[in-house]
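Residue numbers (UniProt numbering), protein chains in the order written: chain S, 1 to 769; chain G, 1 to 154.
The beta carbon of each residue, even a glycine, is placed where N, CA and C say it ideally should be.
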Amino acid sequence: MNKPQSRLRKYSRRAFLIGATAIVGGVAFGTYALKRPHDNPLEADLAAGEAAINPFVKITSNKITLIAPHADKGQGVQSAQAALIAEELDVELDQVEISFGKPAAAYWNTAMAGELAPFMSFDEGFAARTTRSALGAVTKVMGLQGTGGSSSMPDQYEKLRAAGAVARETLKAAAAKVSGVPVAQLKTARGAVQLPDGTELAYTALAGAAADLDPVTEVTLRDPKDWRLIGKPMQRTDIVAKSTGTLTYGIDLKIDGMVHAAAKVNPRQGGAMLGFDASAAKDMPGVQQVIEVQGPITERAADGSLTTRSGPVGVAVIANNTWRAFQALEAIDIEWGKAPYPAEMDGHWQVLSDSFTEERLDTDWRKDGDVDAALEGAEVLEAEYRAPYVAHAPLEPLSAIVRVDSDGAEIWAGHQMPRFLQMKVAGALGLDDQEKVTFHNQFIGGSFGHRLEFENIMVATEIARQLPGVPVKLTYSREEDFAHDFPRQIAMSRSRGAVKDGKVDAWDLQIAMPSVLASQGARLEQPVVGPDAQIISGAWNMPFDIPNLRVRGYKAPALAPISSWRSVGASSNGFFAEGFFDELCHAAGADPMMERLRLVNNPIHRKVLETVADMSNWGSELGPNRGRGIAMVESFGVPTAEVIEVTATEDGIKIDKAFVVADVGQIIDPVNFENLMQGGVVWGLGHAMNCEITYSDGMAEQSNFDSAEAMRLYQCPEIFIKGLENGDKIKGIGEPPVPPAPAALANAIFAATGTRLREMPFANYVDFV
Amino acid sequence: MKLIVNGTERQVEVEDDMPLLWILRDELGITGVKYGCGIAACGACTVHVDGEAMRSCQVTADTLEDGMEITTIEGLGTPPALHAVQSAWVEHQVAQCGYCQSGQIMQAAALLAEIPNPTDEDIDDAMSGNLCRCGTYPRIRAAVKTAAQTLQEA
């Protein structure tokens, strides 16, 4: 039986390389595959007679398994990935098992780096100008198997359909061999090859024959008009489990012999743990052990430079129950060292305020006309905008199960960057090969960027290192989750603008923030060089031909550690840009929608604006104390426009309606699309209203949902969604609805009340009902 | 102490101050009930105690009485036999990450048991203590209405 297996290994690897490149043609995937052959990660577990036709399809005598390597944190991408394969493979989603697969280079995300790069989607001229940027570094840091940057569908759209088609044609070839009927007379449907006489050969029955064949790589992807699944409403494969409490999230998982752990790491992030007294905790019910946690300590030198060393950073309790571990941890007195960033918010804002200097200039990619000349002698409108730190706070608190053995580690957790996770853990344990870290990805109860980080994994690994052979389940309390978030960047913008003849004429927009990429890179020990596109994303690429426009980004020094927060730089910059643009429109005496329509510089964005104007019946009378605001931001290549309607009631602002239009090129599932769009608007509005993380004494002051609650159901407006498909490339929708929401809300509040909001959260200035 | 959990008698011996949430999750292994905040600010841990929706993170062992009936999402309905509220949740495809939805569904079921035909205001009042970070609120509203209709027609 050895021979077929060894042949299969060879063939399946070739299938991946030749199949994918020959079919998909010139896309980046082919380039990667040619330059860097990746093993098919499914081969290692195959028995004789089982076929792994490529890294995404595995068929055994009783099961068809589709591999959906992008992490599902609620965006429904497991279903969407399976549907792409199933569309070509001719299986129904209720006939297959879907697996996240294991970490493997073959699941390299080919779209993520591209989406992080500073390419303006509608102007290739800008791309040429900026290719010297951080793209290389970004790719290195982020481009491995990963989920983020709204990149899942751009990455997988062709790759997975191709994988399904190669598998289908190979199964047909196997059926031809078995039955003697020529391939041309064979059809496929519902997981079976159909012979002309009506006989059906199940794919599972063909697994052995397919394993002996060279995969068929000469296939053509189906014409979209023949699609059964893509573009039509689907039932998400996880929806019944998620409606019945039967889905197992990482936090629900149990491993035989597992102990429960809770930990406190210095809430002054990066600070040391100076000492602790656990005498009261040790005798509490169920407590088995109290452990000192080692980790990276960051120190700031007098010149502001940061150095990192290893040392005690926290304390963990091992108990026989999560709650008992939490309780015992509360009974421990711990002395914490200083934070490597300003202890109070004034210090953080001061750093940003001082960063608008030539030395800090990071990017000046948008220079239209002559701003300096246009502002000279004009009546200049000036404004400063601010965006605070904000927590991710996914509802499922962070957790991880880790078992460390003498020759490796096994990890169960939900994570967006499995390859980096392996690398980090291998490094911490001194393992010579990251493949010695086995990772089992889990369904994720929300991320919004937090599960790109490794804190929970590393603390769990550190505890498990001290309990060899024992699976340790670390569960974060909500308070620890808040204290150890890496929040959205704090950011500030300064605008100077002028109007002429009733039109917006000149605008000098400057944005300062610490670099998210640099903060992430430091934790990965991957120095990031070159400009960070996120510092100006959502602003520099505004699709408006203002005669004199300059957008500059300033990279502030590192402050509190920060990370990607749903839509990253655009989450603050969309507010800065579209808020001040509204101010300029009003200064010009122009209607904010008409002025945007006058200045919009390409047909795709114009259509988005026109559609939202139509939907919202822009220009119609709203009545007293009411107002509407418009904002349009492009992020992750998706032009998204939102109109918000509000009423100023006696008790505060009521958000009545939201109209949202985005162009994503191709909608995979209109139901999930609508849900994600609505969720993005709720996210954008809710955090703009009432969320911030403020540091005092070096610690986050907000520790739970009573002090950072975002939007509640009673505050949720009616949200009307329209997706357009005029763009020529497929784009993701996880993030793009977020950036326009704060500005559209601020602009609506101005229209209703005359109060201009320039700093989030707005609840610090107005009440909401 | 004896509790009737999802119709089954379960023996529980724990500290007085252990919350029902952790009795269910860590002592009885019932994980459909979720930990989200521990301070009754998110509603993910909502279960029915003698038919009433409660935040199980706030119900300590010493306040439970022998023979009390506890219903979690697993006891409301199952994949082959969905409760009307769960059916509506599937039909409207409410869940994104789904982590809050056990609590949302238990809260909605309790609302409809009390008010079979809730107004928009009733729904807002009953459901606003349940946080959804993914922002599925528009679908929750629609699903509650569908479930109300189904239950009334039954």
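Are the CB atoms of residue i and residue j nearer to each other than 8 Å?
| i | j | result |
| --- | --- | --- |
| Val259(S) | Val402(S) | no |
| Ala331(S) | Ala319(S) | no |
| Ala570(S) | Gly538(S) | yes |
| Trp336(S) | Arg228(S) | no |
| Thr475(S) | Ile251(S) | yes |
| Pro233(S) | Asp669(S) | yes |
| Lys497(S) | Leu381(S) | Looking at the sequence provided, one finds Gly at residue 497(S) rather than Lys. Their beta carbons are under 8 Å apart, which means Gly497(S) touches Leu381(S) by this criterion. |
| Leu201(S) | Ala175(S) | yes |
| Val769(S) | Gly679(S) | no |
| Ala147(G) | Cys100(G) | no |
| Asn672(S) | Ala71(S) | no |
| Ile297(S) | Ile463(S) | no |
8 Å is my cut-off, CB to CB: does residue i come that close to chain G?
| i | result |
| --- | --- |
| Pro394(S) | yes |
| Met689(S) | no |
| Gly250(S) | no |
| Ser620(S) | no |
| Asp767(S) | no |
| Thr755(S) | no |
| Glu453(S) | no |
| Pro118(S) | Only weak support exists for where Pro118(S) lies, its pLDDT of 34 falling under 50; the coordinates are left without a value. |
| Gly143(S) | Note on Gly143(S): pLDDT 42, under 50, position unreliable in the model; the coordinate value appears next. For Gly143(S), the answer is no, since every Cβ of chain G falls outside 8 Å of its Cβ. |
| Trp323(S) | yes |
| Leu713(S) | yes |
| Gly732(S) | no |
| Trp683(S) | yes |
| Asp706(S) | yes |
| Met760(S) | no |
Could you check whether the Cβ of residue i sits closer than 8 Å to any Cβ belonging to chain S?
| i | result |
| --- | --- |
| Pro19(G) | yes |
| Ala44(G) | yes |
| Glu114(G) | no |
| Gln11(G) | no |
| residue 242(G) | Any property of residue 242(G) remains undetermined from this structure, which presents chain G solely from 1 to 154. |
| Asp124(G) | yes |
| Gly7(G) | no |
| Glu69(G) | no |
| Met127(G) | yes |
Taking 7 Å as the cut-off, is the CB of residue i close to at least one heavy atom of the ligand SAM?
| i | result |
| --- | --- |
| Met593(S) | With respect to small molecules bound, the structure shown includes none, and the ligand SAM cannot be examined in it. |
What residue from the options has the CA that sits closest to residue i's CA?
| i | options | result |
| --- | --- | --- |
| Glu578(S) | Glu359(S), Ser495(S), Ser150(S) | Ser495(S) |
| Met677(S) | Lys729(S), Ala688(S), Glu642(S) | Glu642(S) |
| Leu431(S) | Leu452(S), Gly408(S), Phe443(S) | Gly408(S) |
| Val664(S) | His605(S), His687(S), Glu455(S), Lys63(S) | His605(S) |
| Glu396(S) | Gly77(G), Cys42(G), Ala142(G), Thr72(G) | Cys42(G) |
| Asn747(S) | Lys654(S), Ala631(S), Glu701(S) | Ala631(S) |
| Tyr35(G) | Phe448(S), Asn704(S), Ser620(S) | Asn704(S) |
| Ser169(S) | Leu549(S), Val57(S), Trp365(S) | The sequence as given places Glu at residue 169(S); Ser does not occur at that position. The shortest Cα separation from Glu169(S) among Leu549(S), Val57(S), Trp365(S) belongs to Val57(S). |
| Ser477(S) | Ser563(S), Leu398(S), Ile239(S), Val351(S) | Leu398(S) |
| Arg25(G) | Gly275(S), Ile463(S), Leu253(S), Val181(S) | Leu253(S) |
| Gly38(G) | Gly754(S), Glu759(S), Asp706(S), Glu718(S) | Asp706(S) |
For the segment 26-42 of chain G, enumerate the residues whose C-beta is nearer than 8 Å to any C-beta of chain S, in chain order.
For the segment 26-42 of chain G, which is checked against every Cβ of chain S, the residues closer than 8 Å are Asp26, Glu27, Gly29, Thr31, Gly32, Val33, Lys34, Tyr35, Gly36, Cys37, Gly38, Ile39, Ala41, Cys42.
Using 8 Å as the cut-off, can you tell me whether the segment 385-398 of chain S makes contact with the segment 691-710 of chain S, which would need three or more C-beta pairs spanning the two stretches below that distance?
Contact holds between the segment 385-398 of chain S and the segment 691-710 of chain S, because three or more Cβ pairs, one in each stretch, are under 8 Å apart.
Below 8 Å, how does it come out for the segment 41-53 of chain G and the segment 109-116 of chain G: are there three or more Cβ pairs, yes or no?
As far as the Cβ criterion goes, the segment 41-53 of chain G touches the segment 109-116 of chain G, which means the pair count is three or higher.
Closer than 7 Å between beta carbons: that is the criterion. Which residues of the segment 89-112 of chain G meet it against chain S?
So the close ones are Trp89, Val90, Gln93, Ala95, Gln96, Cys97, Gly98, Tyr99, Cys100, Gln101, Ser102, Ile105.
For the segment 45-54 of chain S and the segment 419-429 of chain S, state whether three or more C-beta atom pairs, one from each stretch, are separated by less than 8 Å.
As far as the Cβ criterion goes, the segment 45-54 of chain S does not touch the segment 419-429 of chain S, which means the pair count is below three.
contact_flag[the segment 74-86 of chain S, the segment 736-750 of chain S] where n(CB pairs < 8 Å) is 3 or more:
Contact between the segment 74-86 of chain S and the segment 736-750 of chain S is absent, because fewer than three Cβ pairs lie under 8 Å.
For the segment 420-439 of chain S, which residues have a beta carbon sitting closer than 7 Å to at least one beta carbon of chain G?
If the cut-off is 7 Å between Cβ atoms, the segment 420-439 of chain S has nothing near chain G.
Taking Cβ-Cβ distances below 9 Å as the criterion, which residues of the segment 129-141 of chain G are in contact with chain S?
Across the segment 129-141 of chain G, CB contacts with chain S closer than 9 Å involve Gly129, Asn130, Leu131, Cys132, Arg133, Cys134, Gly135, Thr136, Tyr137, Pro138, Arg139, Ile140, Arg141, in sequence order along the chain.
Could you tell me whether the segment 715-735 of chain S touches the segment 524-544 of chain S, where touching means 3 or more Cβ pairs closer than 8 Å?
Below 8 Å, too few C-beta pairs join the segment 715-735 of chain S and the segment 524-544 of chain S to call them touching: fewer than three.
Indicate whether the contact test is met: 3 or more Cβ pairs, each with one atom in the segment 609-622 of chain S and one in the segment 643-663 of chain S, closer than 8 Å.
Yes, the segment 609-622 of chain S touches the segment 643-663 of chain S.
Mind checking the segment 486-514 of chain S against chain G and listing, in chain order, the residues whose C-beta falls within less than 7 Å of any C-beta there?
Residues: none.
Would you check if the segment 130-148 of chain G and the segment 72-90 of chain G touch, i.e. whether three or more CB-CB distances between them fall below 8 Å?
Taking 8 Å as the limit for Cβ pairs, the verdict is that the segment 130-148 of chain G does touch the segment 72-90 of chain G.
Which residues of the segment 442-467 of chain S have a Cβ closer than 9 Å to any Cβ of chain G? Give them in chain order.
Taking 9 Å as the Cβ-Cβ cut-off against chain G, the residues of the segment 442-467 of chain S that qualify are Phe443, Ile444, Gly445, Gly446, Ser447, Phe448.
In the segment 74-89 of chain S, which residues sit with their C-beta less than 9 Å from some C-beta in chain G, listed in chain order?
If the cut-off is 9 Å between Cβ atoms, the segment 74-89 of chain S has Gly74, Gln75, Gly76 near chain G.
Taking a cut of 9 Å between CB atoms, which residues from the segment 244-278 of chain S lie near chain G?
If the cut-off is 9 Å between Cβ atoms, the segment 244-278 of chain S has Thr244, Gly245, Thr246, Leu247, Thr248, Tyr249, Ile251, Asp252, Leu253, Lys254, His260 near chain G.
Is there contact here, the segment 348-356 of chain S with the segment 482-494 of chain S, by at least three beta-carbon pairs under 8 Å?
Segments in contact, yes.
Under 8 Å, with one C-beta from each stretch per pair, do the segment 175-195 of chain S and the segment 157-165 of chain S reach the 3-pair mark?
No: fewer than three Cβ pairs fall under 8 Å.
Between the segment 354-374 of chain S and the segment 546-554 of chain S, do at least 3 Cβ pairs fall closer than 8 Å?
Output reads yes: the segment 546-554 of chain S touches the segment 354-374 of chain S.
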